[in-house]
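Student: As you go down the protein sequences, you meet chains A and B in turn.
Everything in the first sequence is counted per the working numbering, starting at 1 for the first residue and increasing by one.
Everything in the second sequence is counted per the working numbering, starting at 1001 for the first residue and increasing by one.
Virtual Cβ for every residue (Gly too), placed ideally from N, Cα, C.
Just passing along the structure, written as structure tokens.
There are 2 protein chains.
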Amino acid sequence: MALTLFELAGDQGRRFSPFSWRTLMALRHKGLDAERVAVKFTNKDVIAFSGQDRVPVLGDGDTTVSDSWAIADYLEQTHPQTPSLFSGTVGRGGAKFINAWTDLQLHPRISRLIVRDVYDSVHPDDKAHFKETREARYGASFDSLHETRDQHLGAMREVLAPVRVALEDQPFLCGESAAYADYIVFGAFQWARCASPYALLEGHDPVHAWRERMLDVFGGFARAAPGYPV
Amino acid sequence: MALTLFELAGDQGRRFSPFSWRTLMALRHKGLDAERVAVKFTNKDVIAFSGQDRVPVLGDGDTTVSDSWAIADYLEQTHPQTPSLFSGTVGRGGAKFINAWTDLQLHPRISRLIVRDVYDSVHPDDKAHFKETREARYGASFDSLHETRDQHLGAMREVLAPVRVALEDQPFLCGESAAYADYIVFGAFQWARCASPYALLEGHDPVHAWRERMLDVFGGFARAAPGYPV
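See the structure below:
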């Protein structure tokens, strides 16, 4: 069991990739340890062996798996005796939908709010690359995105409405205890928490209470990561 | 096993309620029959016994259950020997999220496109009530909503993106065969199909192919319902 997780490196030990957080929580869920290797945006040669340039990448002996969803499937298949991430094909189907929804609907709205803060947390070697690519994506400077972000906070909170409803009668998206669908959505908030002091959620929001529960699981594993306690 | 399903009545035998379709498919999934009783918008006295005024309502002997989600839970609990709708709590959690997403994100966008057509399919006794309440909701006349609907088609197709991604590697949202999460999203399309000739989906859309599969399950049960084959 020599697992290695290649994940995005930030400044001062910050590891803010939401996709890596999905995998980190999945590994904890299954009680698996992995050596964590930090990869900079501008030094993707480290993961060239994976045949692509995105993190996370999981190495398991001679096997290499990239993409957080594929890694979850791989862990589920190779460690069937450990607690399940999906609890079968129906649960996997629901998680797959939530995965796509998080990527397509939630991440862009959180990114709009924290991108300048993420820039501050990016590794010094990566700052020029990050600024160029992200400002081009938005067609705006980090400063102007930052100054106008309060106008976009409501839209992010509104898109969370299905999460709020799903938590009405259960403490976690997956029911009485957390599983992979929770880790997917939580990854988005942990991305923000590791990189930004901006308060995304109001204290009375059920999503806030759920995030607190997620920070507590696995002995406070995610809470212990360098970040901002908002 | 004397089940009765109270569902919204349309004109000429059309039963277009998306919520009733969730329950109709769930009953088929479990191999259960129910007497179907049509209820008009303007004659909710028929379901006054349920203590509220929305359909579907399921009657099971002395037990009354309203709200499609509560009905699914009830069927799952009272018929544990039949095929499961959720396959456990994790699957139920994913379905709950998809239920909320469908209600909050998908239904409003489909409604915007078909509301004038739904009006045409509403029972004659209900037309005045439906027109008044729906035009007030939109702040616009049915005619103007109808004339401008093509401008809103793209937004509906775009919000389906997570469904499209979820279907990339499996024929149904729930995996190899359909279950409750599929019925939730399908209910929205069956609502449209029963009431509107408007083509919501392009032929090459994976969501279109999935809808065809859904129309085929249970021996073409949903396909046989009066509607428009688009």
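Between the Cα of Pro-18 of chain A and the Cα atoms of A:Ser-196, A:Leu-201, A:Leu-153, A:Gly-187, which residue gives the shortest distance?
Tutor: Start at 1 with the first residue of the first sequence, and residue 18 of chain A comes out as number 18. When only C-alpha atoms are compared, the closest one is A:Gly-187.
Student: Taking Cβ to Cβ, would you say Leu-1153 of chain B is nearer than 8 angstroms to Val-1115 of chain B?
Tutor: As a position in the second sequence, residue 1153 of chain B is number 153, starting the count at 1. As a position in the second sequence, residue 1115 of chain B is number 115, starting the count at 1. At a Cβ-Cβ threshold of 8 angstroms, Leu-1153 of chain B and Val-1115 of chain B do not count as neighbours.
Student: What does the Cβ neighbour count give for Ala-1128 of chain B, buried or exposed, with the cut at 16 atoms within 10 Å?
Tutor: Position 128 of the second sequence, counting from 1, holds the residue named residue 1128 of chain B. The residue in question, Ala-1128 of chain B, is exposed, as its Cβ has fewer than 16 Cβ neighbours within 10 Å.
Student: Taking the straight line between their C-alpha atoms, what separation do you get for Ser-121 of chain A and Phe-142 of chain A?
Tutor: Start at 1 with the first residue of the first sequence, and residue 121 of chain A comes out as number 121. Start at 1 with the first residue of the first sequence, and residue 142 of chain A comes out as number 142. In a straight line, the C-alpha of Ser-121 of chain A is about 13 angstroms away from that of Phe-142 of chain A.
Student: Which first and last residues belong to the beta strand (DSSP E) in which Thr-63 of chain A is found?
Tutor: The sequence position of residue 63 of chain A within the first sequence is 63, counting from 1. Where Thr-63 of chain A is concerned, the enclosing beta strand (DSSP E) stretches over 63-66.
Student: Using a beta-carbon distance below 8 angstroms, is Ser-20 of chain A in contact with chain B?
Tutor: Taking the first residue of the first sequence as 1, we reach residue 20 of chain A at position 20. No, Ser-20 of chain A lies away from the interface with chain B (no Cβ there is under 8 angstroms from its Cβ).
Student: For the segment 1079-1094 of chain B, enumerate the residues whose C-beta is nearer than 7 angstroms to any C-beta of chain A, in chain order.
Tutor: Phe-1086, Ser-1087, Gly-1088, Thr-1089, Val-1090, Gly-1091, Arg-1092, Gly-1093, Gly-1094
Student: To the nearest angstrom, report how far apart Ile-1184 of chain B and Leu-1085 of chain B are at their CA atoms.
Tutor: As a position in the second sequence, residue 1184 of chain B is number 184, starting the count at 1. As a position in the second sequence, residue 1085 of chain B is number 85, starting the count at 1. The straight-line gap from Cα to Cα measures roughly 11 angstroms.
Student: Arg-1014 of chain B and Cys-1194 of chain B look like a contact to me (Cβ under 8 angstroms); what is the Cβ gap, rounded to whole Å?
Tutor: Against the second sequence, residue 1014 of chain B aligns to sequence position 14. Against the second sequence, residue 1194 of chain B aligns to sequence position 194. Going by Cβ atoms, the distance from Arg-1014 of chain B to Cys-1194 of chain B rounds to 5 angstroms, so yes, they are a contact pair.
Student: Mind listing the chain A neighbours of Val-1165 of chain B? Cutoff is C-beta to C-beta under 9 angstroms, in chain order.
Tutor: The residue labelled residue 1165 of chain B in the question sits at position 165 within the second sequence. Scanning chain A for C-beta atoms nearer than 9 angstroms to the C-beta of Val-1165 of chain B yields Lys-96, Phe-97, Asn-99, Ala-100, Trp-101, Asp-103, Leu-104, reported in chain order.
Student: Mind pulling the alpha helix (DSSP H) runs of 4 or more residues that sit fully within the segment 1005-1029 of chain B?
Tutor: 1018-1029
Student: Roughly how many angstroms lie between the CA atoms of Ala-9 of chain A and Val-118 of chain A, to the nearest whole one?
Tutor: The residue given as residue 9 of chain A occupies position 9 in the first sequence. The residue given as residue 118 of chain A occupies position 118 in the first sequence. Spanning the two alpha carbons is a distance of roughly 12 angstroms.
Student: Classify Tyr-295 of chain A: buried if its beta carbon has 16 or more other beta carbons within 10 angstroms, exposed otherwise.
Tutor: As shown, chain A starts at 1 and ends at 230. That puts residue 295 of chain A outside it, with no answer to give.
Student: Could you give the first and the last residue of the continuous alpha helix (DSSP H) run that contains Glu-212 of chain A?
Tutor: Start at 1 with the first residue of the first sequence, and residue 212 of chain A comes out as number 212. Counting along the chain, the alpha helix (DSSP H) containing Glu-212 of chain A begins and ends at 206-220.
Student: Taking its Cβ as the centre, do 16 or more other Cβ atoms sit within 10 Å of Thr-102 of chain A, making it buried, or is it exposed?
Tutor: What you label residue 102 of chain A is simply residue 102 of the first sequence in a count that begins at 1. Buried, by the Cβ-count rule.
Student: With C-beta atoms as the reference, is Ala-100 of chain A less than 8 angstroms away from Ala-1209 of chain B?
Tutor: Numbered from 1 along the first sequence, position 100 holds the residue referred to as residue 100 of chain A. Numbered from 1 along the second sequence, position 209 holds the residue referred to as residue 1209 of chain B. No, the pair does not count as a contact, with Cβ atoms beyond the cut-off.
Student: Distance check for Asp-53 of chain A and Thr-42 of chain A, CA to CA, integer angstroms please.
Tutor: Within the first sequence, numbered from 1, the residue matching residue 42 of chain A stands at position 42. Within the first sequence, numbered from 1, the residue matching residue 53 of chain A stands at position 53. Near 10 angstroms, if we compare the C-alpha coordinates of Asp-53 of chain A and Thr-42 of chain A.
Student: Using a Cβ cut-off of 8 angstroms (strictly closer), state whether Gln-170 of chain A contacts chain B.
Tutor: In the first sequence, counting from the first residue as 1, residue 170 of chain A sits at position 170. So, interface residue.
Student: Spell out a yes or no on whether the segment 1106-1114 of chain B and the segment 1062-1077 of chain B are touching, meaning 3 or more CB-CB pairs, one atom from each, closer than 8 angstroms.
Tutor: Contact fails: fewer than three Cβ-Cβ distances are below 8 angstroms.
Student: Could you work out which residue in B:Val-1217, B:Ala-1155, B:Pro-1056, B:Val-1039 is closest to Gly-1031 of chain B when comparing CA atoms only?
Tutor: Counted from its first residue, the second sequence places residue 1031 of chain B at position 31. Closest by alpha carbon: B:Val-1217.
Student: What in chain A is Cβ-close to Leu-1075 of chain B, meaning under 8 angstroms?
Tutor: Counted from its first residue, the second sequence places residue 1075 of chain B at position 75. Neighbours of Leu-1075 of chain B on chain A: none; closest Cβ ~15 angstroms, over 8 angstroms.
Student: So, does the CB of Leu-173 of chain A fall closer than 8 angstroms to a CB anywhere in chain B?
Tutor: Working through the first sequence from its first residue, we reach residue 173 of chain A at position 173. It does; some Cβ of chain B falls within 8 angstroms.
Student: Suppose contacts are defined by Cβ-Cβ distances below 8 angstroms. Is Val-1039 of chain B in contact with Val-1055 of chain B by that definition?
Tutor: Counted from its first residue, the second sequence places residue 1039 of chain B at position 39. Counted from its first residue, the second sequence places residue 1055 of chain B at position 55. Going by C-beta atoms, Val-1039 of chain B is nearer than 8 angstroms to Val-1055 of chain B.
Student: What residues match up with Leu-58 of chain A in a beta bridge as DSSP calls it?
Tutor: As a working mapping, residue 58 of chain A is identified with position 58 in the first sequence. Answer is A:Leu-5, A:Val-65, bridged to Leu-58 of chain A.
Student: Taking Cβ-Cβ distances shorter than 9 angstroms, what residues in chain A pair up with Ala-1181 of chain B?
Tutor: Indexing the second sequence from 1 puts residue 1181 of chain B at position 181. Correct list: Val-90, Gly-93, Gly-94, Phe-97.
Student: If you run the structure through DSSP and keep just helix, strand and coil, what is Ala-1038 of chain B?
Tutor: By one-based count along the second sequence, residue 1038 of chain B stands at place 38. In the structure shown, Ala-1038 of chain B sits in a strand (DSSP, three-state: E or B).
Student: Quick one: what does DSSP say Phe-186 of chain A is sitting in, helix, strand or coil?
Tutor: One-based indexing of the first sequence puts residue 186 of chain A at position 186. Of the three classes helix, strand and coil, the one that applies to Phe-186 of chain A here is helix, per DSSP.
Student: Taking only beta carbons into account, state which residues of the segment 187-220 of chain A come closer than 7 angstroms to chain B, listed in chain order.
Tutor: none
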